[in-house]
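Undergrad:
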Amino acid sequence: TLEAVKLVEASLKKTITDLFKNLFSNSSTLNSRWVDATFPFTHPSWEYEIEIDGKWYELLGCGIMEHRVLENSGLNKDHIGWAFGLGLERIAMIMYGIPDIRLFWSNDSGFLSQFAFDDSTRLVQYKPISIYPQCINDLSMWMGKTIIDPSDFYDLVRAIGGDLIEQVILI
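Yeah, the sequence shown ends on 346 if you go by this note's numbering, and it's all consecutive.
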């Protein structure tokens, strides 16, 4: 019935709105909107967008599931449900300040290393990497029997190379 669809729509939209309010809880205000959409397995359907710095970003598509989908799953016509599909890359772009979705398919260790950490609560802000292909150079140094603290080595490299150095690995 139309009444059932409206109740399920309200449940869907509240769930998604609450999810993103929680996810972006650092934002003082979260401007969001629902845009009518068309998807093959839901009707009615919507896209959920949020506004950041005056630009709207689509984060997901959702809707009330078509009865044929539920029936093909073995449920009878008395059931009604909703579905949504998240755009995880878009959410990560917003959360971490990543400007280009293509970076997620990059093998550049300068990009990947920024997100390699054990503490999932750590707040990370993306630091731009070179637009040019990664250039890896090996450097060998004769140290004799001198033992050097790794921190001193990294400080020395950064002092000499400055911002030209994106990543240093001591092996």
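Backbone N, C-alpha and C define an ideal beta-carbon position, used for all residues, glycine too.
The structure displayed is predicted, hence computed values, not measured ones.
Name, in chain order, the residues that DSSP records as bridge partners for Val-180.
TA: Its beta-bridge partners do not exist; DSSP assigns none.
Undergrad: Less than 8 Å between the beta carbons of Gly-285 and Phe-259, yes or no?
TA: No, these two residues do not count as a Cβ contact at 8 Å.
Undergrad: Could you compute how far the alpha carbon of Asn-197 sits from the alpha carbon of Glu-178?
TA: Rounded to whole angstroms, Asn-197 to Glu-178 spans 29 Å at the Cα level.
Undergrad: First and last residue of the alpha helix (DSSP H) that includes Ile-266?
TA: Looking at the DSSP string, the run of the alpha helix (DSSP H) that includes Ile-266 is 263 to 271.
Undergrad: Excluding the 5 residues flanking Glu-226 on each side, which residues of the same chain have their C-beta closer than 6 Å to its C-beta?
TA: The answer, listed in chain order, is Asn-206.
Undergrad: Name the DSSP beta bridge partners of Thr-347, please?
TA: Nothing in the structure corresponds to residue 347, since the chain is present only between 176 and 346.
Undergrad: Could you pull the start and end residues of the alpha helix (DSSP H) that Leu-331 belongs to?
TA: Taken as a continuous stretch (DSSP letters only), the alpha helix (DSSP H) holding Leu-331 covers 325 to 336.
Undergrad: Hey, quick one: how far does the alpha helix (DSSP H) through Leu-287 stretch, first residue to last?
TA: Segment 284 to 287, the alpha helix (DSSP H) holding Leu-287.
Undergrad: By a C-beta neighbour count over all protein chains shown, 10 Å radius and 16 as the cutoff for buried, is Ile-239 buried or exposed?
TA: Its Cβ being crowded by 16 or more others within 10 Å, Ile-239 is buried.
Undergrad: Take every Cβ of the region 271 to 279, pair it with every Cβ of the region 245 to 254, and state whether three or more of those distances are shorter than 8 Å.
TA: The region 271 to 279 is not in contact with the region 245 to 254.
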